[in-house]
Every structure is written in C-alpha cells, then in structure tokens.
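First comes the structure, then the notes that go with it.
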Amino acid sequence: MSDMTFMDDLEELSSAEDFLEYFAIEFDRSVVQVNRLHIMQRFHDYLKDLPDADQVADIVGYKAAYKELLKQAYEDFVHSDALTEKVFRVFHMKGPQTTFVPLDQILE
C-alpha cells in the first residue's frame, strides 16, 4: 500500500461511519449518531500529535496509528458524553454569552 493510496482513501471518506468502517472498527450506530461531530473532532485533535505521513516510512504502521486514534476517539464517547468531554470551545465558555446590538443597527 502506498502513502498516496492511503491518503486518497481518507479523502474519499465523508462521515464518521465511513471512517469507522474503513478502519474496521466495530461501533454502535446510536453512539455515533449522537456524537459524530465530537468523535471526529477528537480524532482530529489526536492526529495533531502524529508526524506527517511523508515522514513515516512504514505506511502500514501509520494506518494502524490512525485506526488506534480513531478507536480511542470513539471509545471516549462510548464511556462518556459530549458535556463531560468538552471537545468544542463552546463547552469551555463560562456562563451565558450575551451580545448587545442596538435597535438602530438592526434597522439599517
């Protein structure tokens, strides 16, 4: 398997289910339905610590690393929830966020 084939394969995947199926990770569809964006964001966050594919000689090992990171991201939400995991910035905000827009600016 070449590096380009693996990266090309990844570019074709469009949903959390596609990624999980590509890497042959067993998953509960109900967990993915509720947490798909959180799972994919966590996966993306985990990938930040992985070296670039062109720096890795063993692409099979690289694919295995992707699989383990995706599995870990999925498992995070099997055993927890979005509020606890706080993947997105909105979960880190303190208190309600309000913005004042004067009426005269709305009517312009």
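This note's numbering applies: residue 24 is where the sequence shown begins, and numbers increase by one.
Built from N, CA and C at the ideal position, the CB exists for glycine as well.
Model, not experiment: these values are computed from the prediction.
Item to complete: Please go through the same chain and pick out, in chain order, the residues whose beta-carbon is closer than 7 Å to the beta-carbon of Met-63, but skip the five residues on each side of it.
Response: Ala-39
Worksheet item: Once you ignore the five residues that flank Arg-52 on each side, which residues in its own chain have a CB closer than 8 Å to its CB?
Response: Glu-40
Item to complete: Quick one: measure Cβ to Cβ for Ile-48 and Tyr-89, integer angstroms, because I've assumed they're closer than 8 Å.
Response: So it is not a contact: roughly 11 Å between Cβ atoms.
Worksheet item: Whole-angstrom Cβ separation of Leu-92 and Leu-43, contact assumed at under 8 Å?
Response: 12 Å between Cβ atoms; not a contact.
Practice prompt. Starting from the N-terminal side, write out each stretch of the alpha helix (DSSP H) that is 4 residues or longer and does not extend beyond the segment 25-100.
Written response: 26-35, 39-45 and 52-70
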